[in-house]
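Let me begin by presenting the structure, written as structure tokens, before commenting on it.
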Amino acid sequence: MQNLLAPLADCEVRYLVGGQGPSLLCLHPASGVRITPALEELMQSFTIYLPTLPGFDGTAPPRVAATVPLLGRWIGEFIDTVIGGPVRVAGHSFGGWVASWLAVQRPALVGSLVLQCPAGFWPPDMPRPAADPATQLARTYAHPERRRAETKSDEVIAANRRLAVEYGACLACDDALVARLAQLELPVLLLHGRQDGVVPMESARRVQEAIPHARLVWVDDAAHNIEVDQPDVYTRLVKQFLLADARPA
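Whatever position you read off the sequence shown (first residue = 1), add 4 for this note's numbering.
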């Protein structure tokens, strides 16, 4: 994949691009960008654009204080500048939260939307668990042995975690976003691992209630990172959905 830089009004966005076929914008979780076998498989069918959200993975922070809605606007500017729209969009966890804001703010830019265990929809009446790094691996992966070797430095990992805490990451209850989801008319695929220990199943149900036409798929033997736990299932579902249901991109 090519490693490029897109200058925007308030920040610079580093991004990777590669593959063949229609454009697919992928937004990473709070742990940052990772190239998975599932992503490489999708590159056989799509041209993948993989931006690093400003401040993550050691990139330069934005020139103004960032919020998740503002990240969504910047990704809209990125699409305008680099890709053109509408474009297929897939967001994982924190990236799903950003993708959702992109979709409600700039719906004409999004041809279809895949949300993999999206953050930002914590049920308002559910207690927030205490952060426990010791159990993070087990809560994130049903099959941690399928992960690729870590390539990020300890400093980058720690900085990503601090950013995740600042944004609220998976524990956020974004009522302003939920109130706007019903306006979405584009195709939406919602994927949630049955063993997800990071984002509760109630969050997925909350999204589906807000977007009645969204297709919700529960993925067996998968936790918070479906594309690692069940790569074949993930790529099959995503390709079938994006190639069948998306507006042209």
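Note that CB positions come from ideal geometry on N, CA and C, so glycine has one too. Quantities reported herein were computed from a predicted structural model and do not represent experimental measurements.
Around the Cβ of Thr-85, a 10 Å sphere holds fewer than 16 other Cβ atoms; the residue is exposed.
Relative to Ala-34, the option among Gln-109, Val-237, Val-203 whose CA is nearest is Val-203. Here the alpha carbon of Ala-69 sits roughly 15 Å from the alpha carbon of Val-169. Bounds of the alpha helix (DSSP H) holding Val-160 are 158-171. In this structure Thr-155 is exposed. Its beta-carbon is surrounded by fewer than 16 other beta-carbon atoms within 10 angstroms.
The beta carbon of Trp-222 sits closer than 7 Å to those of His-196, Arg-198, all from its chain and outside the five residues before and after it, given in chain order.
Straight-line spacing of the CA atoms in Leu-181 and Trp-105 works out to 7 Å. As computed with DSSP, Ser-116 is found in a beta bridge with Arg-92. By the C-beta density criterion, Pro-191 is buried, having at least 16 other C-beta atoms within 10 angstroms. Taking C-beta atoms as the reference points, Leu-12 and Trp-78 count as a pair closer than 8 Å.
A residue is called buried when at least 16 other Cβ atoms come within 10 angstroms of its Cβ; Thr-56 meets this threshold and is buried. Under the DSSP assignment, Glu-16 falls in the beta strand (DSSP E) whose first and last residues are 16-23.
In this structure, the beta-carbon distance from Ala-218 to Leu-194 falls below 8 Å. Rounded to the nearest whole angstrom, the C-alpha separation of Met-5 and Leu-20 is 6 Å.
Among the bridge pairs identified by DSSP, Trp-222 is matched with His-196. Collapsing the DSSP output to three states places Leu-31 in a strand.
If you look at Pro-55, you'll find it in the beta strand (DSSP E) that goes 51-55.
Counting the other Cβ atoms within 10 Å of the Cβ of Asp-233 gives 16 or more, which makes it buried.
Gln-234 carries a coil assignment under DSSP once its states are collapsed to helix, strand and coil. Assignment of Pro-11 by DSSP, reduced to helix, strand and coil, places it in the strand class.
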